[in-house]
Structures are given as C-alpha cells and as structure tokens.
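So the mapping is simple: this note's numbering equals the position in the sequence shown, first residue as 1, plus 2.
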Amino acid sequence: MRKYSCIIIEDEPLPAEVLSDYVRQVPFLELKTVCNDALYAIEFLQDEKVDLIFLDIHLPKLKGLEFLESLSNPPDIIITSAYKDYALQGFELNVIDYLLKPIRFNRFLKAVNKLNQAWVPVLIKERTTPAERAHIFFNVGKKKVKIYLDEILFIESLKDYVKITTKEKTILTKFQLGEIEDKLSKSNFLRIHRSFIVARDKISAFSASDVEIDNTSLHSGRSYKELVLSVLEKEI
C-alpha cells in the first residue's frame, strides 16, 4: 500500500492534536509535521515535498485559502474548518474535501480514502490519451454498465438507489447519492437538492427555485438555493 506524506496546518492545539491522532491511526498516512501558521508551512515546503495538507482556514498572519492560492503546484488539500462559509471557494480551488470541526473519525476516513483509487465502482480519469474518457461502472442487475461522466444529465436519489439519466438512457443502481457526490466533487457536477445532482454544462435554464436540463425541470432544495445561484450566476 502506498504511503502518503502529509502535514497539518492548524493554530489551535486541540484540533491539531485530534488530527495528528487520526493520521497516526491510518496506515497509509505519514505525518511529517504540524505547522501552527501558514508561513511556517511555506518554509517547510521549500525543503520537503508532501502529498497531502490538512489546512485550517482561519490562521494567523496568512489565511488558509490565501496560502493555498499562493502555491504554484499544490499537493492534495483537505480543508479543516469550523466554518462552512468557505466550502464553495475551497472546492473551486480543487480541494479533495472540506471537513467541518469537530471532525469525527469516520468522516476523516471518508475524506482520506479519496487519495486511493481502490473504489468500487472505479472512477477512471483522463490520464494517458485524449481518447480515454472519464467513466464509472455501475452495477445494474448482474452486469456492470459503463456510464461516461460527460454524458450524465442528472442523478436522482431514490432511497437506497440512484437513477442516472443521460441523453441516451437511464439506469437504476443500488448506491447512495452522497457516495456518488464525493466522487464527482471535483468534476462538472452540482448538488441542487438532497435528491438531485446535476451536470452544470447540461443546464439550459435556471431560476431561484428550479434548474432545467433537457426539458426537465428539477427543483432546487431550500438549503441549496444560495449555493446553486452563486455557482450558476458566475457562469453567466
């Protein structure tokens, strides 16, 4: 199993201690150091290369997101914050995950497991040739059905199942919407409702309460409206 070297950037002793303990419990993580501010982290990274940074937002001297924006070639980032307000900005900077304090160990594990590609279904990213398209194999009956991510229109939660709709077909597979959302968080997808994830590039119209895709109107959930509007209005 590959080991991932990591550092923690956290100015509060208790969260730093909790994260350090969590890291030590995960076999594939190797803690290099704990930095109590971003400036010390910059100095450390000049001499050491790491795979992952656990990054607090509210840091002295230099804020976490400002530090992240200053990195020309950042490693994988997991944000750890007591504030959810910066989640959108964080994901726009391609962070792996956004953990809200106090962080539970099972939620921490879910985040760091994204470093590994040993997921079922398997997400294959474009790496080698332009012809290789990102896709996921989903269990449908006794078969595994390939769905190309760039063909998905929207995904709907139906209790223990999800319905995935593309231009050409619809499949039903036993899966949790949240698990799929985790795999798509860095892609062209947006959660608009507790029951819906949509492909942003397939949206033909939207309002404060609805999103329209391929002549289908999908309702935006009350708790998602502000985020949905802020994301889509930037694309106008």
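Just so it is clear, CB atoms sit at the ideal spot from N, CA and C, and this is done for glycine as well. Everything numeric in this text was worked out from a predicted model, so none of it was measured.
For Phe-191, three-class secondary structure by DSSP: For the purposes of this step, residue 191 is taken as the residue at position 189 of the sequence shown. Of the three classes helix, strand and coil, the one that applies to Phe-191 here is strand, per DSSP.
Assigned exposure category for Leu-220 - 16 Cβ within 10 Å defines buried: In the sequence shown, the residue the question calls residue 220 occupies position 218. Its Cβ being crowded by 16 or more others within 10 Å, Leu-220 is buried.
Using only CA atoms, which one of Ser-159, Leu-160 and Leu-174 lies nearest to Lys-145? In the sequence shown, counting from the first residue as 1, residue 145 sits at position 143. That would be Leu-174, whose Cα lies nearest to the Cα of Lys-145.
Is Ala-18 helix, strand or coil by DSSP? Walking along the sequence shown from the start, residue 18 turns up at place 16. Residue state, collapsed to three classes: helix.
Can you tell which of Glu-237, Tyr-6 and Ile-59 has the C-alpha that lies nearest to the C-alpha of Ser-206? As a working mapping, residue 206 is identified with position 204 in the sequence shown. Of the candidates Glu-237, Tyr-6 and Ile-59, the one whose C-alpha sits nearest the C-alpha of Ser-206 is Glu-237.
Candidates Glu-183, Leu-31 and Glu-71, of which the one nearest Glu-94 by Cα: By one-based count along the sequence shown, residue 94 stands at place 92. Closest option to Glu-94, Cα to Cα, is Glu-71.
Would Thr-82 be called buried (16 or more neighbouring beta carbons within 10 Å of its own) or exposed? For the purposes of this step, residue 82 is identified with residue 80 of the sequence shown, where counting begins at 1. Classification for Thr-82: buried.
Would you mind working out which of Thr-172, Ile-194 and Ile-199 sits nearest Lys-240, comparing C-alpha positions? With the chain covering only 3 through 238, there is no way to say anything about residue 240.
Pairwise C-alpha distance: Gly-66 and His-248: No statement about residue 248 is possible, as the shown extent of the chain runs from 3 to 238 and does not include it.
If we ignore side chains and look at the alpha-carbon of each, how far apart do Ala-201 and Asp-23 end up? Taking the first residue of the sequence shown as position 1, residue 201 is located at position 199. Taking the first residue of the sequence shown as position 1, residue 23 is located at position 21. Each residue's Cα considered, the two are about 38 Å apart.
Comparing alpha-carbon positions, which option in Arg-135, Asp-216 and Ser-211 lies nearest Lys-224? For the purposes of this step, residue 224 is taken as the residue at position 222 of the sequence shown. Position check: residue 224 holds Arg in this sequence, whereas Lys was assumed. Of Arg-135, Asp-216 and Ser-211, the residue nearest in Cα terms is Ser-211.
Residues bridged to Asn-141 [DSSP beta-bridge criterion]: Position 139 of the sequence shown, counting from 1, holds the residue named residue 141. Lys-146.
Can you tell me which of Ile-149, Glu-181, Asp-152 and Asn-38 puts its alpha carbon nearest to the alpha carbon of Tyr-163? Numbered from 1 along the sequence shown, position 161 holds the residue referred to as residue 163. Cα-wise, what sits closest to Tyr-163 is Glu-181.
Within its chain, find whatever has a CB closer than 6 Å to the CB of Asp-203; leave out the 5 residues flanking it on each side and keep chain order. For the purposes of this step, residue 203 is taken as the residue at position 201 of the sequence shown. Cβ within range, chain order: Asn-190.
May I have the straight-line CA-CA distance separating Glu-158 from Val-52, to the nearest angstrom? Taking the sequence shown and counting its residues from 1, the one referred to as residue 158 is at position 156. Taking the sequence shown and counting its residues from 1, the one referred to as residue 52 is at position 50. Rounded to whole angstroms, Glu-158 to Val-52 spans 38 Å at the Cα level.
I'd like to know whether the C-beta atoms of Leu-117 and Leu-54 end up nearer to each other than 8 Å. In the sequence shown, the residue the question calls residue 117 occupies position 115. In the sequence shown, the residue the question calls residue 54 occupies position 52. Yes, Cβ-Cβ distance for Leu-117 and Leu-54 is below 8 Å.
Among residues of its own chain, excluding the 5 on either side of Lys-127, which ones have a beta-carbon nearer than 8 Å to its beta-carbon? Sequence index remark: in the sequence shown, residue 127 carries index 125 (1-based). Because the pLDDT at Lys-127 is just 46, under 50, the model does not fix this residue reliably, and the point stays unresolved.
Among Glu-68, Asp-152, Glu-214 and Gln-178, which one has its Cα closest to the Cα of Asn-141? Here residue 141 is taken as the residue at index 139 of the sequence shown, counted from 1. With distances taken between Cα atoms, Asn-141 lies closest to Gln-178.
Does Asp-216 pass the burial test, meaning 16 or more other C-beta atoms within 10 Å, or should it be called exposed? Residue numbering aside, residue 216 sits at position 214 when the sequence shown is read from its first letter. By the neighbour-count rule (16 or more Cβ atoms within 10 Å), Asp-216 is not buried but exposed.
Contact defined as beta carbons within less than 8 Å: I believe Ile-11 pairs with Phe-56. What is the distance between those atoms, to the nearest angstrom? By one-based count along the sequence shown, residue 11 stands at place 9. By one-based count along the sequence shown, residue 56 stands at place 54. The pair is a contact, with the Cβ atoms about 7 Å apart (cut-off 8 Å).
Report the residue ranges of all alpha helix (DSSP H) runs contained in full by the stretch 22-73; include only those spanning at least 4 residues, in chain order. 40-49 and 66-72
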